[in-house]
Amino acid sequence: MQPRLLLRICFSRRTLKIGCLLLLIAGATLFIADRVMVNTSKQLTWSDVNAVPARNVGLLLGARPGNRYFTRRIDTAAALYHAGKVKWLLVSGDNGRKNYDEASGMQQALIAKGVPAKVIFCDYAGFSTLDSVVRAKKVFGENHITIISQEFHNQRAIWLAKQYGIDAIGFNAPNLNMKHGFYTQLREKLARVSAVIDAKILHRQPKYLGPSVMIGPFSEHGCPAQK
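Numbering of the sequence shown is given in the numbering used here, commencing with residue 82 and proceeding in unit increments.
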């Protein structure tokens, strides 16, 4: 066999082995991150409004206004409020792009569902789940919260909350079926690995903090108009 051909075969086998090893490591990492978050949130999420413990503040995590996840989260947050399971709603979402404002969209949708404007507080710097959860404590002073989103999202949010010393439970909005939610579920697997890196390795903090805001009847903050 010619030396050049032998070298090519050996190189191909070595590349294949390295590729298989990397795939194995990636798969194990995805699996471990997923299991950690599922186990951490076990018995800390509810789907029955009559069973979920009452808390002062519900943290509603953002989504693009109008999409299926958004609509289900709004319905769930409104139901939670009307059942007396939260007194105040902190709506946290992305406002970092022109003509895109998740928090204001959530506020308006909640009002349309009969939630009084005076009980809604807006966090316009919820650029990620980590930002939303940590800002609930560091900016809004809330250390005991009910997180409102789909169950898979709540699992990651609760895990993040624990890493930053926040007592959080979750109330689950209905999920989409696999046909409509496949891409989101796939992205969630990657987001769980990213969350572990952010919290455990990088010890990441929110992009913005800013002045403290008190949630309650004597606060003038609420949802100030955005320019």
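Heads up, the beta-carbon is just placed ideally off N, CA and C, and yes, glycines get one too.
These figures come from a predicted structure and were not determined experimentally.
- With respect to the 8 Å criterion, Y150 and Q231 are classified as neighbours on the basis of their beta carbons.
- Inclusion of R268 and M118 in the CB contact set at 8 Å is not warranted, their separation being larger than that value.
- Residue state for D248 is assigned as strand, using DSSP reduced to three classes.
- C203 and V215 have their alpha carbons spaced roughly 14 Å apart.
- Under the three-pair Cβ rule at 8 Å, the region 170-178 counts as touching the region 188-206.
- For G207 against G143, the beta-carbon gap comes to about 6 Å, under 8 Å, which counts as contact.
- The three-state reading of DSSP puts N235 in helix, counting H, G and I together.
- Non-local beta-carbon contacts of S293 in its own chain, meaning distances under 7 Å to residues more than five positions away in sequence, involve V220, G222 in chain order.
- Distance check between P298 and each of N224, F252, P197, V277 places P197 closest, using alpha-carbon atoms only.
- Contact annotation: the region 130-145 touches the region 237-254, with at least three C-beta pairs closer than 8 Å.
- Around the beta carbon of E183, a 10 Å sphere encloses 16 or more other beta carbons of the protein chains shown; the residue is thus reported as buried.
- Taking I192 as the centre and dropping the five residues before and after it, the same chain places the C-beta of A198, I201 closer than 8 Å to its C-beta, in chain order.
- Of the residues C101, Q124, T265, I106, the one whose Cα lies closest to the Cα of W240 is Q124.
- Annotated as proximal: L140 and I228, with beta-carbon spacing under 8 Å.
- For T126, the beta-bridge partners assigned by DSSP are G251.
- Judged by their CB atoms, A254 and R153 are nearer to each other than the 8 Å cut-off.
- Per DSSP, V172 lies in no alpha helix (DSSP H); the unbroken beta strand (DSSP E) holding it starts and ends at 167-173.
- Counted as a single uninterrupted DSSP element, the alpha helix (DSSP H) harbouring D212 occupies residues 210-219.
- Between S185 and C304, the C-beta gap is smaller than 8 Å, which places the two residues in contact.
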